[in-house]
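Residue numbers (this note's numbering): 77 to 501.
All C-beta atoms in this analysis are idealised placements derived from N, C-alpha and C, irrespective of residue type, glycine included.
For reference, the structure is listed below as structure tokens.
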Ligand SMILES: Cc1cc2nc3c(=O)[nH]c(=O)nc-3n(C[C@H](O)[C@H](O)[C@H](O)COP(=O)(O)OP(=O)(O)OC[C@H]3O[C@@H](n4cnc5c(N)ncnc54)[C@H](O)[C@@H]3O)c2cc1C
């Protein structure tokens with residue numbers, strides 16, 4: 077009989093682990109505490125607006141290789157859309173200026189040498205001082221690594237890194253920025269095409285994975301919270317031997333060949349594995365969804381600078397605005413926040429400032445672990461001291477900030493490590 081792999085947590089890390097384990101012939105049992113899968117990357121029906129919304133705008137890049145492999149594996153490659161070229165429209169709330177940065181496809185950054193494709197008012201030499209970011213050292217913030225006050229910084233580097241790391245460059249880890257940049261910008265424009273989920277996050281990342289798992293015979297248990305992990309054996313023979321569930325009288329006993337991938341957020345992982353080190357600080361993201369059509373020709377994704385917002389995503393009948401590193405807005409009444417965000421969104425999309433269209437605010441207080449230097453050393457490795465128990469999640473040591481790409485890669489690696497115990501530790 078094939079071995080069982082228990083995957084705990086059905087966010088994208090857990091789903092990727094489950095898909096990989098099933099692909100390798102394991103019998104998968106997936107436990108998710110919430111009544112739905114997807115974790116921090118999901119869609120839900122919003123009764124106020126009467127539409128399905130994403131919990132937040134998610135930007136992917138064409139260079140996110142683990143994500144692309146996952147989408148191929150679950151048969152969902154067509155669910156992401158984006159421009160055929162690496163283009164980024166910008167809007168400056170302070171000046172009302174709009175421009176588009178058009179990266180060149182190859183590794184040579186030719187776009188920097190063309191006034192039509194680089195940031196307006198900059199020269200090629202202005203980009204050179206940012207090169208050290210690609211090799212940034214641990215323990216330093218982005219601002220400590222490249223301290224500049226020029227247009228490349230304020231209109232390109234600062235806003236993009238702030239949105240992608242969900243932390244202001246004054247506190248954000250330069251090492252994590254380097255990890256991100258090496259996999260995308262350093263690979264050339266073809267790795268930097270922006271992609272978004274055409275019909276919502278669940279349609280792209282969650283539903284096809286659940287269908288594939290079910291088709292392959294996996295047991296999917298939603299509303300099933302793991303409350304404890306039992307260990308037996310001594311020394312090198314020690315292994316995880318049972319899982320206890322909230323509300324269940326008896327724990328589930330694991331057979332000798334069975335294994336567990338724990339793919340829960342860091343606070344939940346720490347509760348289940350008491351001596352685990354894991355990030356203990358997080359940053360919020362708020363999303364304001366407006367039920368309104370963008371004017372014809374408005375791009376699906378626009379970067380906003382010098383305002384409250386960071387991104388505007390446009391979809392059918394909806395404009396959704398991201399506020400990154402949004403801790404300071406969490407206490408603001410949602411009505412007030414929606415009106416303030418609409419004022420700058422209306423400017424960007426060139427629509428009337430009043431009335432504010434019907435809106436919904438989604439606040440994710442613990443959207444990402446804090447991508448700051450003090451958290452770097454707290455990220456856990458995939459393998460643990462128990463050979464049949466591995467860790468996954470965006471907060472594990474992926475070298476990337478909290479992203480779908482990091483989460484999916486961690487899940488694939490955790491399943492791999494479990495089913496390949498001979499792999500080097
Ligand atoms: C608003 C927002 C915007 C974002 N924007 C982007 C973006 O633009 N690009 C990008 O790449 N990333 C973005 N991210 C980050 C991305 O969503 C996450 O990195 C990713 O979804 C994390 O996946 P995960 O599986 O590691 O964790 P999670 O999604 O948190 O999944 C963990 C799962 O474990 C479950 N669980 C917890 N405890 C237990 C238990 N005891 N038993 C069973 N199950 C349990 C939880 O319910 C959850 O479903 C954003 C995140 C948010 C919130």
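### residue 308 classed as buried or exposed, judged by whether at least 16 other C-beta atoms fall within 10 angstroms
Within the chain shown, the letter at position 232 stands for residue 308. It is exposed - the Cβ of residue 308 has fewer than 16 other Cβ atoms within 10 Å.
### Query
Pairing CB atoms from the segment 169-181 with CB atoms from the segment 257-269, are three or more of them under 8 Å?
yes
### Query
What separation, rounded to the nearest whole angstrom, lies between the Cα atoms of residue 84 and residue 134?
Counting from 1 along the chain shown, the entry for residue 84 is found at position 8. Counting from 1 along the chain shown, the entry for residue 134 is found at position 58. Those two C-alpha atoms are separated by around 23 Å.
### Buried or exposed by the 16-neighbour rule on C-beta atoms within 10 Å, applied to residue 338
Here the question's residue 338 lines up with position 262 in the chain shown. Label assigned to residue 338: buried.
### Message
Between residue 160 and ligand 1, is there a pair consisting of the residue's CB and a ligand heavy atom that are separated by less than 7 Å?
### Response
The residue you call residue 160 lines up with position 84 of the chain shown. Answer for residue 160: no, Cβ out of range of ligand 1.
### Task
On a CA-only basis, which of 104, 390, 111 and 466 is nearest residue 82? Give me that one, please.
Working through the chain shown from its first residue, we reach residue 82 at position 6. Ranking 104, 390, 111 and 466 by Cα distance to residue 82 puts 104 first.
### Residue environment, residue 245, which counts as buried when at least 16 other CB atoms sit within 10 Å
The residue given as residue 245 occupies position 169 in the chain shown. Around the beta carbon of residue 245, 16 or more other beta carbons sit within 10 angstroms, so the residue counts as buried.
### Task
To the nearest angstrom, report how far apart residue 101 and residue 462 are at their CA atoms.
For the purposes of this step, residue 101 is taken as the residue at position 25 of the chain shown. For the purposes of this step, residue 462 is taken as the residue at position 386 of the chain shown. For residue 101 and residue 462, the distance between alpha carbons rounds to 21 Å.
### Query
Touch check for the segment 296-312 and the segment 104-116: three-plus C-beta pairs under 8 Å?
yes
### Query
Exposed or buried, residue 131, counting other C-beta atoms within 10 Å across all chains shown (16 or more means buried)?
Here residue 131 is taken as the residue at index 55 of the chain shown, counted from 1. Buried, by the Cβ-count rule.
#### Entry: Residue ranges of each beta strand (DSSP E) within the segment 287-368, 3 or longer
295-298, 302-308, 315-321, 335-338 and 358-366
### Message
Just verifying my parser: in three-state terms, what is the DSSP assignment at residue 220?
### Response
Mapped onto the chain shown, residue 220 falls at position 144. Helix, per DSSP.
#### Entry: Of the residues 439, 468 and 447, the one placed nearest residue 91, counting alpha carbons only
As a first step, residue 91 must be located in the chain shown, where it is residue number 15. Minimum Cα distance to residue 91 is reached at 468.
### Task
Starting from the C-beta of residue 457, find all residues in its chain whose C-beta is less than 6 Å away, skip the five residues before and the five after it, and write them out in chain order.
Mapped onto the chain shown, residue 457 falls at position 381. Closer than 6 Å at the Cβ level, and outside the excluded window around residue 457, lie 473.
### Query
With 16 as the cutoff for other CB atoms within 10 Å, does residue 211 come out buried or exposed?
Taking the chain shown and counting its residues from 1, the one referred to as residue 211 is at position 135. Exposed.
### Sequence-distant residues of the same chain with beta carbon closer than 8 Å to residue 78, five excluded per side
Your numbering for residue 78 matches position 2 in the chain shown. Hits under 8 Å: 101, 102 and 103.
#### Entry: residue 110 CB to nearest heavy atom of ligand 1 below 7 Å
Taking the chain shown and counting its residues from 1, one reaches residue 110 at position 34. Residue 110 Cβ: within cutoff of ligand 1.
### Query
Using a threshold of 7 Å, is the CB atom of residue 117 nearer than that to any non-hydrogen atom of ligand 1?
As a first step, residue 117 is located in the chain shown; it is residue number 41 there, counting from the start. Yes.
### Message
Between residue 85 and ligand 1, is there a pair consisting of the residue's CB and a ligand heavy atom that are separated by less than 7 Å?
### Response
As a working note, residue 85 is residue 9 in the chain shown. Flag set: Cβ of residue 85 near ligand 1.
### Query
By how many angstroms is the C-alpha of residue 224 removed from the C-alpha of residue 348?
As a working mapping, residue 348 is identified with position 272 in the chain shown. As a working mapping, residue 224 is identified with position 148 in the chain shown. C-alpha separation (whole angstroms): 44 Å.
### Query
Which word fits residue 496, buried or exposed, when buried means at least 16 other C-beta atoms lie within 10 angstroms of its C-beta?
As a working mapping, residue 496 is identified with position 420 in the chain shown. Exposed, because fewer than 16 other Cβ atoms sit within 10 Å of the Cβ of residue 496.
### Query
With burial defined as no fewer than 16 other Cβ atoms inside 10 Å of the residue's Cβ, what is the status of residue 451: buried or exposed?
Indexing the chain shown from 1 puts residue 451 at position 375. Flag for residue 451 reads buried.
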